[in-house]
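Just so you know, the sequence shown maps onto residues 1 to 166 in my numbering.
Quick reminder that beta carbons are idealized off the backbone N, C-alpha and C, glycines included.
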Amino acid sequence: RYDSSYIQGVGLGTMADSMTSIKHNIYDRENLDMQELLEALKNDFENSEKLQNLLKEETPKYGNDLEYADKEMKRVFETFFRAVDGRPNGRGGEYRINMLPTTVHVYFGSKCGALPDGREAERPLSEGISPVQGMDDRGPTAVFKSVSKLDHTKTGGTLLNQKITQ
1 RYDSSYIQGV GLGTMADSMT SIKHNIYDRE NLDMQELLEA LKNDFENSEK LQNLLKEETP
61 KYGNDLEYAD KEMKRVFETF FRAVDGRPNG RGGEYRINML PTTVHVYFGS KCGALPDGRE
121 AERPLSEGIS PVQGMDDRGP TAVFKSVSKL DHTKTGGTLL NQKITQ
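In structure tokens:
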């Protein structure tokens with residue numbers, strides 16, 4: 001019963017948006033090059049507000065039912081799943097994944113530098129399978145549609161937090 005060990009997935013939305021940003025801005029649109037992005041990240045977007053705005057405001061984001069971004073979320077999730085699921089643990093069982101990090105997204109974010117989605121250093125990562133805080137701007141139905149593209153049966157559980165403001 002207790003042979004399986006679960007590895008917590010943290011920051012799926014942050015990772016998906018970061019990968020989407022690289023794909024969209026560097027490879028598809030050619031708005032910037034990798035060196036420019038790396039320099040901005042190294043300097044935590046200091047003197048790069050225009051670039052940061054491009055990454056945050058003008059790039060497709062997971063959680064808005066946009067296939068472009070949701071495809072990257074699925075790719076990130078499947079990569080994590082394949083890397084962990086079924087590997088032997090120290091108790092004779094196997095590792096599995098879940099996406100239930102509760103509050104560790106805040107702590108882990110405090111240990112991370114700036115990221116390609118426009119996130120500044122030391123800011124919280126996204127929660128569980130939730131979109132990045134404030135980046136879902138097409139309403140809760142769009143969030144549910146994006147989240148439904150994830151194969152939840154591959155996890156020991158998922159956490160979606162929705163904040164609805166007036």
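Between which two residues does the beta strand (DSSP E) harbouring residue i extend?
i, result
"M99", "95–99"
"Y6", "5–8"
Could you tell me the alpha carbon to alpha carbon distance between residue i and residue j, rounded to whole angstroms?
i, j, result
"G93", "S5", "7 Å"
"T158", "F144", "13 Å"
"T20", "A69", "6 Å"
"K50", "N31", "12 Å"
"Y62", "S48", "23 Å"
"E57", "H24", "13 Å"
"Q8", "I164", "26 Å"
"G86", "T153", "14 Å"
"F77", "S146", "13 Å"
"D33", "V132", "24 Å"
"I22", "A40", "13 Å"
"D3", "P101", "20 Å"
"Q52", "Q35", "15 Å"
What are the boundary residues of the alpha helix (DSSP H) that residue i is part of?
i, result
"G157", "Not the alpha helix (DSSP H): G157 falls in the beta strand (DSSP E), residues 155–158."
"D137", "First-last for D137: undefined, no H or E at that position."
"R82", "67–84"
"I164", "From DSSP, I164 is part of no alpha helix (DSSP H); its letter is neither H nor E."
"I22", "12–22"
"L107", "The sequence as given places Tyr at residue 107; Leu does not occur at that position. Taken as a continuous stretch (DSSP letters only), the alpha helix (DSSP H) holding Y107 covers 104–110."
"Q133", "Here Q133 belongs to no alpha helix (DSSP H), and DSSP marks it neither H nor E."
"L54", "49–57"
"L125", "Element bounds for L125: n/a, residue is neither H nor E."
"A114", "Note, A114: premise wrong, no alpha helix (DSSP H); not H, not E."
Residue i and residue j look like a contact to me (Cβ under 8 Å); what is the Cβ gap, rounded to whole Å?
i, j, result
"P116", "L37", "6 Å"
"A142", "F45", "That belief does not hold up - the Cβ atoms of A142 and F45 are roughly 27 Å apart, past 8 Å."
"N64", "D136", "6 Å"
"A121", "M73", "That belief does not hold up - the Cβ atoms of A121 and M73 are roughly 23 Å apart, past 8 Å."
"G13", "S126", "3 Å"
"R123", "G109", "5 Å"
Cβ of residue i versus every heavy atom of the ligand COA: is any distance shorter than 7 Å?
i, result
"I7", "No copy of the ligand COA appears in this structure; indeed no ligand is present at all."
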